[in-house]
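Before any comments, here is the structure.
Number of protein chains: 2
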Amino acid sequence: MVQLRLKEESARSLVEIARLVRVMVPDVPLIVNDRADVALAADADGVHVGVDDLSPALLRRIVPEGFIIGASVGSDDEVERSAGADYVGIGPVYATGSKPDAGSEIGPERFAQLARRCGLPAVAIGGISVETTPAVLAVGASGIAVISALFGSADPTRAALDLRAALDASGR
Amino acid sequence: MVQLRLKEESARSLVEIARLVRVMVPDVPLIVNDRADVALAADADGVHVGVDDLSPALLRRIVPEGFIIGASVGSDDEVERSAGADYVGIGPVYATGSKPDAGSEIGPERFAQLARRCGLPAVAIGGISVETTPAVLAVGASGIAVISALFGSADPTRAALDLRAALDASGR
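Top to bottom, those sequences are chains A and B.
Here the working numbering is used: the first residue of the first sequence is 80, the next is one more, and so on.
Here the working numbering is used: the first residue of the second sequence is 80, the next is one more, and so on.
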């Protein structure tokens, strides 16, 4: 999946950018961060929300069947709020420079504990790289989410292929 | 109508506040500013958008039939973008202190010109008071939108009744 996450853009710009992403990567599901209205207007596949956004349960009532809803979870209080989502993003598993407000790293064991409490497919986020991928898969991650591992790389395509190989090596 | 406009609140808070407003003023249509997803989740009656938000035409595709869509118009370029709305808010007709980014006042004649170009019911906004209401109604305003005239008053209930009387005096 590609998640479109541009906190400072207007809804008007977001929907235009989302449509460009759609054209550029037509075969990859597109998820829009925070804004279900933008996601719907851009014909995206889903929306990903945090704890200060509309809850997955509320969103479910306003999106069509099959629309993907993801939720960020970083603490026990956030577990309950994730109910109704299709997947959760749990982290930051490791320290990250991509999101200054992400909080302190929780580590793979805590990741696994929160994932069990959510009872949903859990994507590991925060400091995920080729090096850290095996550890999160070993504790049950259904997937990984990355920013720096791709866009902090001198060769993002190579970095993506290396991550793909790390997932394939674990049978994901 | 009541329009909920709190630019700094999270979507989570907005939906909670919207539901409280619904309970406090159950018989008045509730419009949420900017966010169609919040409006839908809060069972509001509509959404009001500006030029940097999703366009009325796009919004129409993602809201149920009968959902009210309002659009702000302040210049000729914004007229075209209002297509698909149920009403437009045009202004600032007079100088206002409520919205620091509102731009300079356009006056009643320019209000009327933009209203004709939109071809939609037009609500006058910006510096509207009991004193200025007759002038905007005289040039064809379908309604008035106020912040300061109520909340800048020592007695908002009295101020509302006075505005109502000014509208009734013009047969609105």
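Here a beta-carbon is modelled for each residue, glycine too, at the ideal position from N, C-alpha and C.
Alpha-carbon to alpha-carbon, residue j and residue i
i: residue 220 of chain B; j: residue 112 of chain A; result: 39 angstroms
i: residue 146 of chain B; j: residue 125 of chain B; result: 5 angstroms
i: residue 101 of chain B; j: residue 154 of chain A; result: 32 angstroms
i: residue 192 of chain B; j: residue 157 of chain B; result: 13 angstroms
i: residue 170 of chain B; j: residue 206 of chain A; result: 48 angstroms
i: residue 109 of chain A; j: residue 144 of chain B; result: 27 angstroms
i: residue 223 of chain B; j: residue 225 of chain A; result: 49 angstroms
i: residue 165 of chain B; j: residue 213 of chain A; result: 54 angstroms
i: residue 189 of chain A; j: residue 178 of chain A; result: 19 angstroms
i: residue 202 of chain B; j: residue 83 of chain B; result: 16 angstroms
i: residue 163 of chain B; j: residue 236 of chain A; result: 42 angstroms
i: residue 228 of chain A; j: residue 238 of chain A; result: 7 angstroms
i: residue 99 of chain B; j: residue 106 of chain B; result: 13 angstroms
i: residue 242 of chain A; j: residue 149 of chain A; result: 21 angstroms
i: residue 210 of chain B; j: residue 185 of chain B; result: 17 angstroms
i: residue 248 of chain B; j: residue 232 of chain B; result: 21 angstroms
i: residue 159 of chain B; j: residue 130 of chain B; result: 10 angstroms
i: residue 182 of chain B; j: residue 234 of chain B; result: 28 angstroms
i: residue 230 of chain A; j: residue 240 of chain A; result: 13 angstroms
i: residue 119 of chain B; j: residue 136 of chain A; result: 13 angstroms
i: residue 167 of chain A; j: residue 123 of chain A; result: 18 angstroms
i: residue 141 of chain B; j: residue 196 of chain B; result: 26 angstroms
i: residue 245 of chain A; j: residue 132 of chain A; result: 33 angstroms
i: residue 198 of chain B; j: residue 97 of chain B; result: 30 angstroms
i: residue 194 of chain B; j: residue 194 of chain A; result: 55 angstroms
Residue i in three-state terms, based on DSSP
i: residue 92 of chain B; result: helix
i: residue 203 of chain A; result: strand
i: residue 224 of chain B; result: strand
i: residue 198 of chain A; result: coil
i: residue 156 of chain B; result: helix
i: residue 186 of chain A; result: helix
i: residue 100 of chain B; result: helix
i: residue 132 of chain B; result: coil
i: residue 117 of chain B; result: helix
i: residue 180 of chain B; result: coil
i: residue 172 of chain B; result: coil
i: residue 212 of chain B; result: helix
i: residue 105 of chain A; result: coil
i: residue 233 of chain A; result: coil
i: residue 251 of chain A; result: coil
i: residue 140 of chain B; result: coil
Residues that DSSP places opposite residue i in a beta bridge
i: residue 166 of chain A; result: A/149
i: residue 110 of chain A; result: A/82 and A/125
Nearest to residue i (by Cα), restricted to the options the options
i: residue 139 of chain A; options: B/160, B/121 and B/228; result: B/121
i: residue 175 of chain A; options: A/194, A/204 and A/162; result: A/204
i: residue 251 of chain A; options: A/236, A/215, A/226 and A/235; result: A/215
i: residue 180 of chain B; options: B/197, B/104 and B/151; result: B/151
i: residue 172 of chain A; options: A/131, A/208, A/148 and A/197; result: A/208
i: residue 86 of chain B; options: B/105, B/106, B/210 and B/117; result: B/117
i: residue 200 of chain A; options: A/210, A/161 and A/141; result: A/161
i: residue 88 of chain B; options: B/194, B/114 and B/103; result: B/114
i: residue 80 of chain A; options: A/90, A/92, A/104 and A/185; result: A/104
i: residue 91 of chain A; options: B/128, B/95 and B/119; result: B/128
i: residue 94 of chain B; options: A/134, A/96, A/95 and A/94; result: A/134
i: residue 187 of chain A; options: A/195, A/96 and A/218; result: A/218
Contacting positions in the segment 136-162 of chain A - beta carbon closer than 8 angstroms to chain D: Of the protein chains in the structure, A and B, none is chain D.
**Item:** Interfacial residues, the segment 90-112 of chain B to chain A, with Cβ spacing under 7 angstroms
**Value:** 90, 91 and 94
Name the residues in the segment 123-136 of chain A whose C-beta lies less than 7 angstroms from a C-beta of chain B; which are they?
Among the residues of the segment 123-136 of chain A, those with a Cβ less than 7 angstroms away from any Cβ of chain B are 131, 132 and 133, in the order of the chain.
By the 8 angstroms beta-carbon criterion, what residues does the segment 163-195 of chain A contribute toward chain B? none
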